[in-house]
Amino acid sequence: MKVHHVGYLVKRLGRSEEAFIRLGYEIECEVRYDDVRDVNISFLRNGDYRVELIEPASKSSPLYPLLKNYKNSPYHICYIVSDLEASKKSLESDGFMVIQDTQTAPALDGRNVVFMVSADLGIIELVEDSGGNF
Ligand code: NI
106 MKVHHVGYLV KRLGRSEEAF IRLGYEIECE VRYDDVRDVN ISFLRNGDYR VELIEPASKS
166 SPLYPLLKNY KNSPYHICYI VSDLEASKKS LESDGFMVIQ DTQTAPALDG RNVVFMVSAD
226 LGIIELVEDS GGNF
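First residue of the sequence shown: 106, per my numbering; consecutive thereafter.
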């Protein structure tokens, strides 16, 4: 499966953007508010590599508690799939567990995503192929 992005949980999105820019990344997608998860999200790109910065917008964000473990560090890798439900089923039969079932992702132009976890490699995200560059 092709990697779409590496997701970083960050405490202060603006400061993290600046730090990535200093390393040669460029902003691909300005900050968007995801009202499903109460987080601010932006995407940066460095050649073929893309990172997603995710900042919990308030203490009531479901991702806020994760800051304790993952502050300013990667916590998931997202893979592009052509058939979300088929890939989900296939990974489930390989021992992956769904931790957040199919939901729309406002920061990914409303595409559907699903989050799964494996004891051997942690959290992954699957996103539907848009057919475009993003
Ligand atoms: Ni992601």
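Don't be surprised by glycine CBs; every beta carbon is placed ideally from N, CA and C.
Nearest candidate by alpha-carbon position, reference Ser195, set Asp214, Leu231, Pro179 = Comparing Cα-Cα distances from Ser195 to each of Asp214, Leu231, Pro179, the minimum goes to Leu231.
Under 8 Å, do Phe148 and Glu133 count as touching if we go by C-beta distance?
-> Yes, they are a contact pair.
May I ask you to check if the CB of Cys134 is nearer than 7 Å to at least one heavy atom of ligand 1?
-> For ligand 1, no non-hydrogen atom lies closer than 7 Å to the CB of Cys134.
If you measure from the CB of Glu233, is any heavy atom of ligand 1 nearer than 7 Å?
-> False, no ligand heavy atom lies under 7 Å from that Cβ.
Beta-carbon proximity list for His110, same chain, < 7 Å, skipping 5 on both sides | Phe148, Arg155, Val156, Glu157, Cys183, listed in sequence order.
Compute every distance between the C-beta of Gly152 and the non-hydrogen atoms of ligand 1, then say whether any falls below 7 Å.
-> Ligand 1 never approaches Gly152 closely enough for any of its heavy atoms to be under 7 Å from the residue's Cβ.
Check whether the segment 106-124 touches the segment 173-181, taking contact to mean three or more Cβ pairs, one atom from each stretch, closer than 8 Å.
-> The segment 106-124 vs the segment 173-181: in contact.
Measure from the alpha carbon of Gln208 to the alpha carbon of each residue in Met202, Asp225, Tyr130, Val218, then state which is nearest.
-> Closest in C-alpha terms to Gln208, from the list Met202, Asp225, Tyr130, Val218, comes Val218.
Give the DSSP-derived three-state secondary structure of Phe201 in the structure shown.
-> In the three-state reduction of the DSSP assignment, Phe201 falls in the coil class, being assigned neither a helical nor a strand state.
Cross-strand partners of Ala210 (DSSP beta bridge) = Residue pairing for Ala210: DSSP places it in a beta bridge opposite Arg216.
How many Å lie between Leu187 and Arg216 at the Cα?
-> Residue 187 is actually Ser in this sequence, not Leu. Annotation: Ser187 to Arg216 spans about 12 Å, alpha carbon to alpha carbon.
Counted within 10 angstroms of its Cβ, other Cβ atoms place Arg127 as buried (16 or more) or exposed | Label assigned to Arg127: exposed.
Verify the contact flag: Glu157, CB atom, against every heavy atom of ligand 1, threshold strictly below 7 Å.
-> It does: the Cβ of Glu157 is within 7 Å (strictly closer) of some heavy atom of ligand 1.
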